[in-house]
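Numbering (UniProt numbering), first residue to last: 1 to 139.
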C-alpha cells in the first residue's frame, strides 16, 4: 500500500466540562493535526499519474479544517450557561461549538470523518495537544 501523510496546526483554547482536574479550566494548545491516506494503486490519469492524491489538495483540505478552529474557544454545545456564552459573544470572542467533548481523541475522529467525507481513503488521523501527547483514530 502507498501512504501519504501531512500535517496542519492551529492555536485555540478549550476546556472539559465536568472534568475533575486542571483541564476543566479554559486553557490553550498549539494543536497539530496529521492525516495519513493511502491507496493500493497509484492514479493513472495525466494530471495525477503516479500519485496517491495530489499533495497540494491534501494539504489544502486539511488546512481548511484546521483554520476553522484557529484562534477560537472550542466548546462542547451546552457546556456553558447561556448568560456566560452571551457575555463572551458580546466581547466579540470567537467561539466554535462542537457536538462532542473537545478531547484530542474526539478531534482525531472528527478529522478522520471530515477528510473521509472529502473523498480521501483515510488510514489514520492524529491530533497532538502537545509535541509529546497524541491521540489517533483509524478504522
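Using N, Cα and C, we set each Cβ at its ideal position, and we do this for glycine too.
All values derive from a computational prediction rather than experimental measurement.
(request) Helix, strand or coil for residue 30, going by three-state DSSP, please let me know. (result) Residue 30 falls in the strand class under three-state DSSP.
(request) State the beta-bridge partners of residue 21 as determined by DSSP. (result) None, per the DSSP bridge assignment.
(request) Apply the 10 Å Cβ neighbour rule to residue 35 and answer buried if 16 or more other Cβ atoms are within range, or exposed otherwise. (result) buried
(message) Quick check on the DSSP output: what are the complete alpha helix (DSSP H) runs of length 4 or more inside the region 63 to 103, in order along the chain?
(response) Complete alpha helix (DSSP H) runs here, min 4: 82 to 90.
(message) Using the three-state DSSP reduction, which class does residue 44 fall into: helix, strand or coil?
(response) Coil at residue 44, not helix or strand.
(message) Please state whether the Cβ-Cβ distance between residue 72 and residue 101 is less than 8 angstroms.
(response) no
(message) DSSP three-state label for residue 105, please.
(response) helix
(message) Less than 8 angstroms between the beta carbons of residue 65 and residue 111, yes or no?
(response) yes
(request) Classify residue 59 as helix, strand or coil using the three-state DSSP reduction. (result) helix
(request) Compute the Euclidean distance between the alpha carbons of residue 116 and residue 23, then round it to the nearest angstrom. (result) 30 angstroms
(request) Let me know if residue 171 comes out buried or exposed under the rule of 16 or more other beta-carbons within 10 Å of its beta-carbon. (result) Limits of the chain in this structure are 1 at one end and 139 at the other, which puts residue 171 out of reach.
(message) Could you check whether residue 10 and residue 67 sit closer than 8 angstroms to each other, using their CB atoms as the reference points?
(response) yes
(message) For residue 13 and residue 46, I'd like the C-alpha separation in whole angstroms.
(response) 44 angstroms
(message) Considering only the alpha carbon of each residue, which of 16, 15, 55 lies closest to residue 207?
(response) Only positions 1 to 139 of the chain appear in this structure, which leaves residue 207 out of reach.
(message) Is the beta carbon of residue 125 closer than 8 angstroms to that of residue 63?
(response) no
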